[in-house]
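Line by line, the protein sequences give chains H and F.
Take the first sequence: its position 29, counted from the start at 1, is 190 in the numbering used here, and no numbers get skipped.
Take the second sequence: its position 158, counted from the start at 1, is 171 in the numbering used here, and no numbers get skipped.
Reading through the structure tokens given below for one structure.
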Amino acid sequence: MNLVRAILRRPWADPLSIRVALCAVLVAVAGLPAAAAAETPSPAEAAPAAPERLKLLGVELDVGFPDGAALSVVYRPWYFLRLNAGPAYDLAAFGVQGGATLIPFHFPITPTLTGEAAYFAGGNVNKQLARWNVSAPSAVQPLLNDVGYSYLSSQLGLEFGGPEVFVFYIRFGLAWIFPNASGTATTTSGTATVTVNGIQGRFAAPTGNVGFVVYIW
Amino acid sequence: MKISPTLTLGLLGLLAATGCLNADFKTAQICATMPDQIPGVPAGLTDSVSFTTNLDLSGLPNLNHSGLSGTLLMQQLQLSTSDLPQGLGWVQAVDATVLGGNEDLALTCTYTAPADPLASLDSIVVPCSGPNIFQSIQTSNQLSLKITLTSTSLPTSGWTADVGACFSAEIMVDYTKL
């Protein structure tokens with residue numbers, strides 16, 4: 162008791178200082194077991210599970226208008242951005258297409274915004290129409306023997322599925338299509354013979370796609 | 014459900030600004046040729062001969078819609094004949110004017126005559142340029158051309174000829190006005 166009285170008589174030994182000192186001691190004592198445990202970690206705690214790495218690469222398959230069927234390699238640098246590029250086939254010719262999709266939520270259902278561009282080499286549209294028992298007016302047919310096009314599109318869509326490995330999507334939007342018919346059409350108009358050498362154009366049209374993405378690596 | 018006029022106008026404006034409400038198509042060259050457009054030029058004329066020919070385009074799609082506008086520029090004229098021994102070798106200058114529409118539109122045709130005035134040419138091609146003549150054909154689907162041939166040695170016998178004309182064309186479609 163003499164020692165306690167001696168301490169309490171010291172100038173720094175006011176009640177506030179004592180309470181602070183006691184708190185520090187309690188915190189230190191409480192931390193001792195944790196510190197001891199940290200010095201001898203259990204095997205499970207030694208290698209805590211790291212968050213699973215986002216798969217960067219995948220493949221995408223989709224069908225729609227105006228790109229027909231397209232197979233793409235997919236690269237996803239961040240969860241909210243997916244880039245794709247690959248070949249496409251529109252029933253008349255092969256082409257190449259590519260695009261970017263913004264995916265705001267890493268969630269099983271999420272809206273998306275997609276921009277795409279594509280180029281299709283010239284193809285014979287008359288042959289494709291014949292498959293459906295349809296034929297263009299005879300004067301126009303020579304123009305349709307070699308029709309190519311390119312387009313730009315923007316689409317809003319919805320994606321469903323597990324964004325880690327597989328998503329299914331449906332999209333709708335607008336496409337700006339730039340057709341190029343390189344044939345020569347000849348028709349008669351009254352006594353005149355009219356010849357048209359190639360047509361290029363630009364028009365907007367609705368666009369839609371359904372497809373899926375599988376993330377592989 | 015009530016649709017806001019402001020929203021409607023805004024959407025239409027957005028669609029128009031992004032090119033969704035219009036389309037355009039163009040061709041590098043469209044040519045029309047007509048037989049016997051010069052039905053008979055009498056002999057004995059001096060200096061020049063003029064004739065008017067009508068390019069009948071009635072077989073083409075009707076262009077007379079308010080939502081259609083376009084550009085039609087003359088590229089060249091072609092004249093051919095088989096009635097004259099020297100063909101059209103005697104032609105030294107060609108002038109052409111588009112008739113009709115609101116006003117006659119003069120074309121600038123630059124024809125380079127052969128150095129030999131006795132050269133035999135079954136046909137001649139005359140490059141021409143000039144203003145947009147789309148409106149001249151929009152309402153009638155035909156093009157009236159006045160062609161004047163100048164020479165110091167016009168044919169001494171009657172003759173006929175075929176006429177052809179080539180243009181570059183661009184058609185713009187405004188969906189909101191169709």
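Beta carbons: idealized from backbone N, C-alpha and C, even for Gly.
Outcome for residue i when other beta-carbon atoms lying within 10 angstroms are tallied against a minimum of 16
| i | result |
| --- | --- |
| H:I338 | buried |
| F:P168 | buried |
| F:V176 | buried |
Below-8 angstroms beta-carbon distance, residue i vs any chain A residue
| i | result |
| --- | --- |
| F:G113 | Note that chain A does not occur in the displayed structure, where the protein chains are H and F. |
Distance between beta carbons of residue j and residue i, contact taken as under 8 angstroms
| i | j | result |
| --- | --- | --- |
| F:I146 | F:L118 | 6 angstroms |
| H:T348 | H:A300 | 4 angstroms |
| F:S136 | F:L101 | 7 angstroms |
| F:T59 | H:I360 | With a Cβ gap of about 45 angstroms, F:T59 and H:I360 do not count as contacting. |
| F:L158 | F:A126 | Not really, about 20 angstroms apart at Cβ, beyond 8 angstroms. |
| F:L92 | F:A174 | 5 angstroms |
Residue i: CB within 7 angstroms of a non-hydrogen atom of the ligand MG
| i | result |
| --- | --- |
| F:V107 | The model depicted lacks the ligand MG and carries no ligand whatsoever. |
The alpha helix (DSSP H) enclosing residue i, as first and last residue numbers
| i | result |
| --- | --- |
| H:V286 | 286-292 |
Span of the beta strand (DSSP E), counted from its first residue to its last, around residue i
| i | result |
| --- | --- |
| F:I150 | Not the beta strand (DSSP E): F:I150 falls in the alpha helix (DSSP H), residues 147-151. |
| H:R243 | 242-250 |
| H:P238 | 229-239 |
| F:Y124 | From DSSP, F:Y124 is part of no beta strand (DSSP E); its letter is neither H nor E. |
| H:R363 | 353-376 |
| H:F266 | That residue, H:F266, is in no beta strand (DSSP E); it is neither H nor E in DSSP. |
| H:N341 | 327-350 |
| H:E221 | 218-226 |
| F:T163 | 155-163 |
| F:E183 | 172-187 |
| H:E320 | 308-323 |
Residue-chain proximity (residue i, chain F), Cβ-Cβ < 8 angstroms
| i | result |
| --- | --- |
| H:V357 | yes |
| H:S233 | no |
| H:F364 | yes |
| H:W337 | yes |
| H:A205 | Because H:A205 sits at a pLDDT of 49, beneath the cut-off of 50, its placement in the model cannot be relied upon, and the point is left open. |
| H:Q379 | In the structure as shown, chain H starts at 162 and stops at 378, and residue 379 of chain H therefore has no counterpart that could be examined. |
| H:S314 | no |
| H:A246 | no |
| H:F373 | no |
| H:G259 | no |
Residue nearest to residue i in terms of C-alpha spacing, selected from the options
| i | options | result |
| --- | --- | --- |
| H:P227 | H:T356, H:N341, H:L335 | H:L335 |
| F:V62 | F:L162, F:S142, F:D108 | F:L162 |
| H:A279 | H:T271, H:V357, H:G309, H:H267 | H:G309 |
| H:L232 | H:L274, H:F333, H:L317, H:A249 | H:A249 |
| H:H267 | H:A366, H:V328, H:S343 | H:V328 |
| H:D251 | H:G260, H:V326, H:G225 | H:G225 |
| H:P324 | H:L263, H:F255, H:G229 | H:L263 |
| F:S181 | F:A36, F:S170, F:L34, F:C44 | F:C44 |
| F:L97 | F:K190, F:T21, F:L20, F:W172 | F:W172 |
Min CB distance residue i to chain H below 8 angstroms
| i | result |
| --- | --- |
| F:F38 | yes |
| F:C141 | no |
| F:P127 | no |
| F:P48 | yes |
| F:S71 | yes |
| F:Q151 | no |
| F:L81 | no |
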